[in-house]
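First comes the structure, then the notes that go with it.
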Amino acid sequence: MTTPRHYLCARPIIANRAGNRIVPPEGFAREHPDCLILESSSSSPENSSPREFLPPPFDAIPLLPPAAAHPGQIIAVAIGPSWKSADRAARSIPQKQDRSISTESRLVWSSGEPVAETVAEAVTERLAEEAPRETHLVQGLYETGEQQHRLDAPLWAEARTKKNQLYLRIPTQWPEHVRQSLAQALKIPLSRISLEVVPVEGGRDGALFFPSLLACLAVQAHRLAGAPICLALRNDQIALTGGRSPSRIRYLSRVNSTGEILGNEIDIQLDCGAYPTLTDETRNRLDLATRALYSTPLPRVSTRAIRTAYPPLGAFEGVGTAQASFAREMHYNRLAGIAQEDPIVWRKKLFRPEWPLLQELAETVAEQSDFYRRYASCELVRKRRSQLHRNSSSLKGIGCAFGEQISGMTTGRERGAVALQLEQDGSARIFCSLPTPTPRLRQAWRAIVAKELQIPLEAVTLETHPDEEQDESGPRIFSRGTSVIPRTLLSACEAVQKQRFREPLPILVRRTIKPSRSKRYPGDALRSLGGAAVEATLVPATMEIDVRSVTMAVYGGTILDRQAAEAEIRRGIYQALSWALKEPLDRGSRQTNKEAEILGDPEVQRQYTPGFLGAPPRIKVIFVPGGKRDSPVGVGELPFLTVPAALVSALSQASGLYLDGIPARPREILRMLQQEE
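Written out as structure tokens, the structure reads:
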């Protein structure tokens with residue numbers, strides 16, 4: 006009787022360039038007798054993986070393609086008894102490029118009439134003909150670069166089978182999508198899939214679709230090997246998950262002599278990488294961002310996404326909102342400069358009158374940062390700069406920006422439910438369909454129930470284990486853990502309190518996730534507001550950037566945990582500065598824990614060091630209070646919506662140049678100044 010082999014470890018084989026496919030090596034079985042290769046070659050039926058795609062909204066992403074559409078795509082999986090043997094087998098697989106696969110950029114979706122660069126002059130002429138003589142046309146082109154996802158640990162999936170039941174252990178923020186992916190790929194019912202979810206910290210989800218992909222590949226490898234499998238990315242493969250989409254956004258504004266905006270035409274182009282994802286949500290959020298905060302005439306907006314030979318891009322904080330907010334705030338700072346007004350004073354004339362919190366937010370930012378005085382001082386120096394030597398002193402500037410974050414999904418209705426059960430012993434149990442809440446969210450949810458029912462915190466427990474009977478509530482990337490779920494929990498607590506002394510225990514109350522769509526007030530619409538002022542200095546000789554201070558005023562509804570909310574905002578500020586400047590990655594620092602030792606892969610502590618000089622900036626976060634019955638809303642996206650535009654505006658004032666993109670690089674600023682001279 007032959008002793009069964011036990012294959013424990015699997016590594017993905019990634020393409021070196023677009024168009025690459027693997028070439029089955031001669032003598033592989035002889036050189037690696039304990040290893041197997043999972044690939045989609047039709048010449049190897051026993052190794053074939055179904056040429057299928059992930060379920061929506063990632064239905065553009067194939068499971069295991071014969072050839073790569075972008076460098077870094079998984080085209081095979083190496084299976085071995087140890088990480089060392091699996092890595093050695095993966096390195097021995099040669100790759101051949103299929104040059105028939107086009108890597109040219111191409112349009113994948115669009116809405117509205119495009120305002121391409123080739124017709125920009127014609128559009129300008131048409132607007133000029135439509136505009137009265139006393140109006141002016143202002144044009145701006147704003148660009149944002151890619152931002153990598155911030156992952157603190159490798160991505161992995163463990164698969165095994167017991168009594169015809171598939172067991173999978175995986176870190177993910179979207180368990181239901183993982184289960185749906187497995188059921189679709191394997192053509193088995195959901196009831197045969199048991200999922201153990203490892204909690205994932207943070208809301209910026211580089212693992213949004215990747216866990217589903219790894220889960221399907223891990224189970225295919227498990228079936229091929231006939232033994233339990235752990236499939237994990239190496240530390241240097243984490244960047245394969247892509248990041249925030251680069252963008253090019255063109256504004257054409259018609260303004261009168263007092264600076265009033267009479268009309269906007271906006272053209273938005275996103276790079277979605279090799280596979281477009283979350284297209285409907287992205288369209289909606291881009292459109293909402295162009296109309297947020299300001300009571301200007303409805304703009305004419307055209308949006309389009311292009312496909313390029315890069316990893317899938319786009320699922321990040323705001324899902325396109327940050328790019329659109331950067332362009333809007335940069336353009337409005339420019340319009341305020343043309344009107345020769347303080348940018349906060351200019352904005353206050355345009356803020357939506359039905360949102361009085363915007364006025365309070367602007368005044369808070371101005372007061373806490375001493376914006377009016379500092380801006381006037383820096384502006385006076387800028388106007389006199391032609392009379393000064395560039396190397397005589399540091400160049401200072403201050404900029405501002407405002408943003409609006411929407412909690413929850415904008416496409417369709419929210420799904421999922423929250424159930425609350427008050428037991429006979431006075432304890433309470435929360436059942437929630439939101440996936441893998443972080444420890445801070447668990448504590449916050451339990452604290453809500455404990456406070457509302459007036460019971461000890463330790464008497465409240467939370468259950469979020471996914472199974473086939475639970476509602477699918479989507480990923481956690483849309484800030485519902487700090488907004489929609491607390492709101493729904495409060496509703497459930499009110500219902501329990503009404504029945505508490507009338508009905509026998511236990512009492513079970515179920516509430517579906519149903520956010521308000523009211524537009525009357527930001528709190529009613531599950532929206533948070535933020536404003537930022539950033540002060541920066543340029544070193545004259547080199548144009549190196551020194552960020553001196555960041556002041557943020559935030560309206561976040563009812564703040565459940567002020568310390569946690571401020572920590573999240575501070576963390577977001579540093580990452581927003583990284584996006585606006587540069588984002589180096591220090592892989593020298595490693596830590597190993599028990600979990601990492603089991604996986605055979607040490608955890609990487611990714612150190613993000615934004616590209617500014619000297620000491621870290623002084624950061625001040627102020628929470629603007631709302632009404633007593635305001636709901637909690639998410640605040641994690643606000644730094645990305647405000648800080649980059651405020652920083653680049655400050656650098657524009659400091660240098661006396663129009664800087665229109667991020668990342669802002671000192672050598673580019675120096676080159677532009679030298680050209681002016």
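Residues are numbered in this note's numbering as their position in the sequence shown, beginning at 1, plus a constant of 5. All C-beta atoms, glycine included, are put in the ideal place defined by N, C-alpha and C. From a predicted model like this one, the values you see are computed outputs, not experimental measurements.
Limits of the alpha helix (DSSP H) - the one that residue i falls within
i, result
"Y337", "326-343"
"E36", "33-36"
"L385", "376-388"
"A452", "444-458"
"D292", "284-296"
"P17", "Not the alpha helix (DSSP H): P17 falls in the beta strand (DSSP E), residues 14-19."
"V653", "643-660"
"W351", "348-353"
Cross-strand partners of residue i (DSSP beta bridge)
i, result
"N261", "According to DSSP, N261 bridges with nothing at all."
"Q100", "I27"
"T556", "A538, K625"
"R676", "Paired residue(s): none; R676 is not in a bridge."
"G402", "A541"
"P165", "Contrary to the premise, residue 165 reads as Arg rather than Pro in this sequence. Note: R165 sits in a beta bridge opposite Y172."
"R515", "A424"
"C221", "None, per the DSSP bridge assignment."
"E409", "L534"
Three-state class that DSSP yields for residue i in the structure shown
i, result
"S432", "coil"
"T313", "coil"
"C2", "With the chain running from 6 to 682 in the structure shown, residue 2 is simply not present."
"Q178", "coil"
"Q596", "The pLDDT assigned to Q596 is 37, lower than 50, so where the model puts this residue is not dependable, and the model offers no usable value."
"S521", "Bear in mind that the predicted position of S521 carries a pLDDT of just 48, short of 50, making it unreliable; the figure below should be weighed with that in mind. Looking at S521 - three-state DSSP - the assignment turns out to be coil, as it is neither helix nor strand."
"P671", "helix"
"S583", "helix"
"A546", "coil"
"E270", "strand"
"Y663", "coil"
"S199", "strand"
"W88", "helix"
"E57", "coil"
"V640", "coil"
"F215", "helix"
Start and end residues, beta strand (DSSP E) containing residue i
i, result
"N25", "25-27"
"K192", "Counting along the chain, K192 falls outside any beta strand (DSSP E), and DSSP gives it neither H nor E."
"Q144", "141-149"
"T466", "465-468"
"C277", "From DSSP, C277 is part of no beta strand (DSSP E); its letter is neither H nor E."
"A83", "79-85"
"R111", "111-116"
"L43", "41-44"
"A73", "Note, A73: premise wrong, no beta strand (DSSP E); not H, not E."
"I66", "Element bounds for I66: n/a, residue is neither H nor E."
"L160", "Counting along the chain, L160 falls outside any beta strand (DSSP E), and DSSP gives it neither H nor E."
For residue i, the nearest candidate out of the options (CA to CA)
i, options, result
"G231", "A15, D566, A541, G536", "A15"
"T295", "E365, A620, T326", "T326"
"Y147", "I564, A620, K353, M335", "M335"
"T415", "N289, S432, A406", "N289"
"R532", "S412, T149, V514, R239", "S412"
"I254", "L291, V260, Q225, G268", "L291"
"I564", "T517, L513, V640, L238", "V640"
"E359", "Y315, S300, Q410, G404", "S300"
"E540", "L363, V559, C383, L662", "C383"
"Y337", "G32, K353, L283", "K353"
"P304", "R312, L293, T140", "L293"
"A188", "W351, R434, W161, L218", "L218"
"R339", "P38, P86, F645, R259", "R259"
"A250", "G268, T493, A320", "It is Ser, not Ala, that sits at residue 250 in the sequence shown. Among G268, T493, A320, the Cα nearest to that of S250 is on A320."
"L582", "A570, R553, A558, E571", "R553"
"P70", "D103, A297, R389", "D103"
"P671", "L662, E642, I550, G562", "I550"
"F645", "I490, C405, L238", "C405"
"R96", "A341, T149, G150, L41", "L41"
"E642", "I79, G536, L586", "G536"
"C235", "T246, A223, R228", "A223"
"G431", "L513, K167, E163, F33", "L513"
"L652", "I667, V629, G661", "I667"
"Q626", "L586, Y560, D635, A464", "Reading the sequence as shown, one finds Val at residue 626 and not Gln. Closest option to V626, Cα to Cα, is Y560."
Residue i beta carbon near the ligand ATP (any heavy atom closer than 7 angstroms)
i, result
"L495", "The ligand ATP is not among the ligands present in this structure, which contains no ligands whatsoever."
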